[in-house]
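>
Laid out in structure tokens, this is it:
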């Protein structure tokens with residue numbers, strides 16, 4: 005299986021926003037498909053649940069795959085996939101997500117986005133980390149560029165490495181412009197490649213991504 009697994013240091017770190025930018029760059033030179041195997045907080049539209057993040061990822065990819073292929077498990081409750089699936093009266097197992105991530109991929113590069121942080125529950129008695137281990141893909145960690153980001157990033161890095169997984173790179177996502185020096189500081193504490201994404205440095209970000217994946 006050829007691709008990457010994207011996770012966050014926490015929820016609400018801009019994981020999908022950064023993922024869309026990475027996908028747009030990757031698709032320039034390779035065939036890319038995306039998998040967001042499960043999404044919660046989905047709105048009911050015309051009798052079907054609408055996975056907002058999966059739609060954004062699929063549009064960025066431009067593979068032409070159906071949304072049901074990209075995101076087969078959609079739930080209404082705004083909670084972890086484990087809790088949301090139980091609330092809906094459905095049993096969601098880790099094996100279901102592994103199958104969804106592999107289904108129809110073939111030899112193409114697959115971009116898999118998890119749900120929440122690395123240790124967030126994603127299926128019945130299973131965490132994002134369990135899915136990442138099963139897929140054996142290099143991991144991209146998204147961290148919100150804010151006060152406390154260094155600690156969050158280092159904790160996430162240690163968590164991924166403890167599972168014997170490769171880290172492609174860490175992205176500091178500058179959601180709001182700031183004068184923090186997290187990029188320089190974090191690079192001094194880890195050998196893992198650390199990039200910064202903001203609207204102002206998008207072109208540099210694209211070049212760095214291309215070198216690392």
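In this note's numbering, the protein residues as written are 5 to 217.
For each residue, glycine too, the CB sits at the ideal point set by N, CA and C.
Keep in mind it's a predicted model, so treat the numbers as computed, not measured.
Name the two residues that bound the continuous alpha helix (DSSP H) containing residue 20.
By one-based count along the chain shown, residue 20 stands at place 16. From DSSP, the alpha helix (DSSP H) with residue 20 extends over 19-30.
> Just curious, the alpha helix (DSSP H) that residue 154 is in, first and last residue?
The residue you call residue 154 lines up with position 150 of the chain shown. Where residue 154 is concerned, the enclosing alpha helix (DSSP H) stretches over 153-166.
> Count the other C-beta atoms from every protein chain shown that fall within 10 angstroms of the C-beta of residue 77, then say buried if there are 16 or more, exposed otherwise.
Here the question's residue 77 lines up with position 73 in the chain shown. Label assigned to residue 77: buried.
> Please give the ranges of any alpha helix (DSSP H) in the region 28-66, keeping only runs that are unbroken, at least 4 residues long and fully inside the region.
Correct list: 56-65.
> In the DSSP assignment, find the unbroken alpha helix (DSSP H) run with residue 207 in it and report its ends.
Numbered from 1 along the chain shown, position 203 holds the residue referred to as residue 207. 206-216 is the span of the alpha helix (DSSP H), which, as asked, contains residue 207.
> Taking DSSP as the reference, what is the three-state secondary structure of residue 179?
Along the chain shown, read from residue 1 onward, the residue named residue 179 stands at position 175. Of the three classes helix, strand and coil, the one that applies to residue 179 here is coil, per DSSP.
> Between the Cα of residue 86 and those of 130, 216, 185, 168, spot the shortest distance and give me the residue it belongs to.
In the chain shown, the residue the question calls residue 86 occupies position 82. Closest option to residue 86, Cα to Cα, is 130.
> So the candidates are 41, 39, 56; which of them puts its Cα closest to the Cα of residue 48?
Numbered from 1 along the chain shown, position 44 holds the residue referred to as residue 48. The residue with the shortest Cα to Cα distance from residue 48 is 56.
> Tell me the rounded alpha-carbon separation between residue 185 and residue 206.
One-based indexing of the chain shown puts residue 185 at position 181. One-based indexing of the chain shown puts residue 206 at position 202. Looking at the two C-alpha atoms, the distance is approximately 18 Å.
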